[in-house]
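Here's the structure, in structure tokens; my notes come after.
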Amino acid sequence: PSAPQGGAGGAEQAAVAAAEPFRTKMLSVPGLGEGAAGRRSRARTAHGRTTGAQRPRGQLTKLHLAATVHAAAPHQKARGRSGPGLVVRRDDLRQATREGREGNLVLFCVDASGSMAARQRMSAVKGAVLSLLLDAYQRRDKVGLITFRGAGAELALPPTSSVDAAAARLEKLPTGGRTPLGAGLLKAHEVLRVERLRDPSRRPLLVVVTDGRATSAGSVGGDPRELSGRSARLLAAEGVASVVVDCESGPVRLGLAGALAADLGAPAVTLDGLRADSLAGLVKNVRTAVTPTASANSVSRRAA
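Letter by letter, the sequence shown follows residues 1 to 304 of the UniProt record's numbering.
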């Protein structure tokens, strides 16, 4: 007999191929970082456009002339200036601050449970994640992949610069079983804690791909929905920038992904709303929304 088709406790389904990738809207981390050069979030950089001036921290590397003159000018009489030159002291010196873009750690937390197992839906989900992976490659991000289904969550791919490796893991991802959403979020918290110690300047962006239906607490036990809410609020309290990709479809929708997004302090975007050419009205950063971008060039399906 054929295997049951993935309900909440359905048997494992074979992996399905990802749908054709598409250009995505740009997801970014709010605020101003100081990470490695890239093309995603705003950051203080050694190169880029000059945005202001500050007192130098340590060695002066790039003088902001106008700000230095402005700081020195009021003190000329007290300093006994008698000629045409300006008397400048060390305290007057101002460092130019510059702004560019940084690369981030984009950590995908993907629901692979039975509720996602409808063949067409999982293909679309994989296509969306693949699209975001290709976008991450172009923006010089590191990526990681967590999956959750059945009894718990696993780190399918530790953070890496190899988008090809992430795409290969994604392509082979099977579905089935209950939905330990809270376990997936706790695994994300654990991974991000380790990465924060390893690379503190690389700010993370958590992308949770789910329909929001928590039906299992995994090994933690307790109420699944309470655990998922508590885990989401823990991430929000630590300032983790997140976005929820809402995979719910069909005429009757429970809006659970939206509730999860509220707990995370994050926007929720549908699979269709993730497309760069979507007309969905989303705004700037991932705490309040997602911005359009003149995005990535077309990529061969071989990248999957």
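Yeah, the Cβ is synthetic: ideal placement off N, Cα and C, and Gly gets one too. Nothing here was measured: the structure is a model prediction, and the numbers come from that model.
Option in the options with minimal Cα separation from residue i
| i | options | result |
| --- | --- | --- |
| R225 | D211, E238 and A237 | D211 |
| residue 390 | R121, P56, R198 and T270 | Nothing can be reported for residue 390: it is not among the residues displayed for the chain, which extend from 1 to 304. |
| A46 | G265, Q95, S115 and S228 | Q95 |
| V220 | A153, P159 and C247 | A153 |
| A37 | E99, L107 and P158 | E99 |
| T160 | V207, L181 and Y137 | Y137 |
| V240 | R193, D246, S228 and A124 | R193 |
| L145 | A156, R139 and D135 | A156 |
| E248 | L63, R89 and A124 | A124 |
| R44 | S162, S201, D164 and A237 | S201 |
| L271 | L254, R253, G265 and V244 | V244 |
| L107 | G273, S242 and A268 | S242 |
| P158 | R139, L181 and C109 | C109 |
| G35 | G83, R139 and P84 | R139 |
Pairwise C-alpha distance: residue j and residue i
| i | j | result |
| --- | --- | --- |
| A66 | V209 | 48 Å |
| T51 | D92 | 18 Å |
| V191 | R81 | 59 Å |
| D263 | Q54 | 37 Å |
| L130 | G58 | 43 Å |
| D141 | L234 | 24 Å |
| A167 | A128 | 11 Å |
| A188 | A151 | 16 Å |
| L135 | D246 | Looking at the sequence itself, residue 135 is Asp, so the reference to Leu does not match. In a straight line, the C-alpha of D135 is about 19 Å away from that of D246. |
| V207 | P21 | 17 Å |
| A183 | T97 | 42 Å |
| L260 | R196 | 24 Å |
| R90 | R49 | 25 Å |
| S228 | R23 | 30 Å |
| V143 | L205 | 10 Å |
| P267 | D164 | 27 Å |
| A217 | P56 | 51 Å |
| R253 | T147 | 23 Å |
| G31 | L181 | 28 Å |
| T215 | G258 | 16 Å |
Chain-order list of residues whose beta-carbon lies under 7 Å from that of residue i (same chain, five-residue window excluded)
| i | result |
| --- | --- |
| S41 | S28, V29, G33, R101, E102, N104 and R203 |
| A14 | P174 |
| T293 | Unreliable placement is indicated for T293, whose pLDDT of 36 sits below 50; the coordinate value is still reported in the next sentence. Hits under 7 Å: K25, M26 and A276. |
| V69 | L86 |
| L60 | L93 and Q95 |
Residues near residue i in its chain [Cβ-Cβ closer than 6 Å; skip 5 each side]
| i | result |
| --- | --- |
| L186 | S231 |
| R213 | S115, T179 and L256 |
| R149 | A112, S113 and G177 |
| D223 | none |
Spatial neighbours of residue i in its chain, beta-carbon cut-off 8 Å, leaving aside the 5 residues before and after
| i | result |
| --- | --- |
| G281 | With a pLDDT of only 39 at G281, under 50, the local geometry of the prediction cannot be trusted, and the value read off the model is given with reservation. Result list for G281: empty, nothing under 8 Å. |
| K126 | V16, A17, A18, A19, L170, E171 and L173 |
| V87 | A72, H75, Q76, R79, G80 and R81 |
| L63 | L93, R94, Q95 and A96 |
| L132 | T24, L27, V106, F108, V207 and L274 |
Residues bridged to residue i (per DSSP)
| i | result |
| --- | --- |
| P56 | Bridge partners of P56: none, in fact. |
| T270 | D246 |
| S41 | E102 |
| A153 | F148 |
| R49 | E99 |
| V208 | C109 and V244 |
| L63 | Q95 |
| G33 | A43 |
| R275 | T24 |
| T160 | V143 |
Residue i Cβ short of 7 Å to the ligand ADP heavy atom set
| i | result |
| --- | --- |
| G221 | Inclusion of the ligand ADP in the displayed structure is not the case, the ligand content being empty and no account of it being possible. |
Length at least 3, wholly inside the stretch 76-148: the beta strand (DSSP E) runs in chain order = List check, beta strand (DSSP E) in window: 95-102 and 105-111.
Ordered list of beta strand (DSSP E) runs contained in the stretch 174-224, each at least 3 residues | Runs of the beta strand (DSSP E) lying entirely within the stretch 174-224, each at least 3 residues long, are 204-210 in chain order.
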